[in-house]
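Residue numbers (the working numbering): 7 to 236.
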Ligand SMILES: NC(=O)c1ccc[n+]([C@@H]2O[C@H](COP(=O)([O-])OP(=O)(O)OC[C@H]3O[C@@H](n4cnc5c(N)ncnc54)[C@H](OP(=O)(O)O)[C@@H]3O)[C@@H](O)[C@H]2O)c1
């Protein structure tokens, strides 16, 4: 039985990945904070996979990460998807230290701690998927905190990829452009949803990369809309 851990699976890209990877020989360990949304995801996937374990933890704080690790338990996992993320969009002069720390905590420190804990326990042939962003490669005005976090995760995951190569663990980095999820709901400004790609397209790319033979690494995947960036 394969065990897949997906953070931020209560909605958006994480939910779409869970839906795509659900299978009769898979235990899904699905993480989120919103108990109602996560229960809804689990209900919709129950018939499609062997087992679903719900993990409710705040990844902005290190005790939330360690509680998640404890709840996942000692059995190894075959896939870690570092997907949970937050976005703060405002001029750099207006970013509060709480917003900065939260962005760093969820988008960088949590993936670091989860990778550090789980990777040494993963069998050869396992994979780690990091959901980064086109904002891991390019800076955008008012996105400094978010870009800081994604650039940081980019550097971390590129280096970890090289360390894990000899252990036969693949590190797959995914760089979506604007994707139509609820992450945009609380951001100020007009965001044209019709120009965004769908979370299902991102999930499809993740599933395709994972479906390659174990010795083939589809390492970096950028997805953008043909209509161009926002
Ligand atoms: N949407 C885009 O345009 C886009 C583009 C490129 C990359 N991404 C990246 O894709 C990933 C998923 O984003 P999304 O668009 O699917 O956003 P979303 O719909 O807002 O979902 C974000 C997920 O992260 C979880 N999360 C947020 N803060 C958390 C915290 N403090 N502790 C634990 N979990 C937390 C949420 O859990 P709850 O809702 O249960 O609290 C939710 O499951 C993020 O890393 C994001 O940076 C998104």
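Note that beta-carbon positions come from the ideal geometry of N, C-alpha and C, so glycine has one too.
DSSP three-state call for residue 37: helix, strand or coil?
For this step, residue 37 is matched to residue 31 along the chain shown. Note: residue 37 maps to strand in three-state DSSP.
Please determine whether the Cβ atom of residue 40 lies at a distance below 6 Å from any heavy atom of ligand 1.
Here residue 40 refers to the residue found at position 34 of the chain shown. At least one heavy atom of ligand 1 is nearer than 6 Å to the Cβ of residue 40, so yes.
Mind checking which residues open and close the alpha helix (DSSP H) that includes residue 238?
What the structure shows of the chain is the stretch from 7 to 236, and residue 238 is not part of that stretch, so it cannot be assessed.
Who are the Cβ neighbours of residue 226 in its own chain at under 6 Å, not counting the five residues just before and after it?
The count along the chain shown starts at 1 and reaches residue 226 at position 220. Answer for residue 226: 179, listed in chain order.
From this set, 202, 217 and 78, which residue's C-alpha is nearest residue 231's C-alpha?
Residue numbering aside, residue 231 sits at position 225 when the chain shown is read from its first letter. Nearest C-alpha to residue 231: 202.
Report yes if the C-beta of residue 189 is less than 6 Å from at least one heavy atom of ligand 1; otherwise report no.
As a first step, residue 189 must be located in the chain shown, where it is residue number 183. Residue 189: yes, Cβ under 6 Å from ligand 1.
Excluding the 5 residues preceding and the 5 following residue 64 in the sequence, name in chain order all residues of the same chain whose CB lies nearer than 8 Å to its CB.
By one-based count along the chain shown, residue 64 stands at place 58. Result list for residue 64: 39 and 70, in chain order.
Within 8 Å, do at least three Cβ pairs link the region 169-184 to the region 129-144?
Yes, the region 129-144 touches the region 169-184.
Alpha carbon to alpha carbon, how far is residue 60 from residue 33? Give it in angstroms, no decimals.
Here residue 33 corresponds to residue number 27 of the chain shown, with the count starting at 1. Here residue 60 corresponds to residue number 54 of the chain shown, with the count starting at 1. Each residue's Cα considered, the two are about 11 Å apart.
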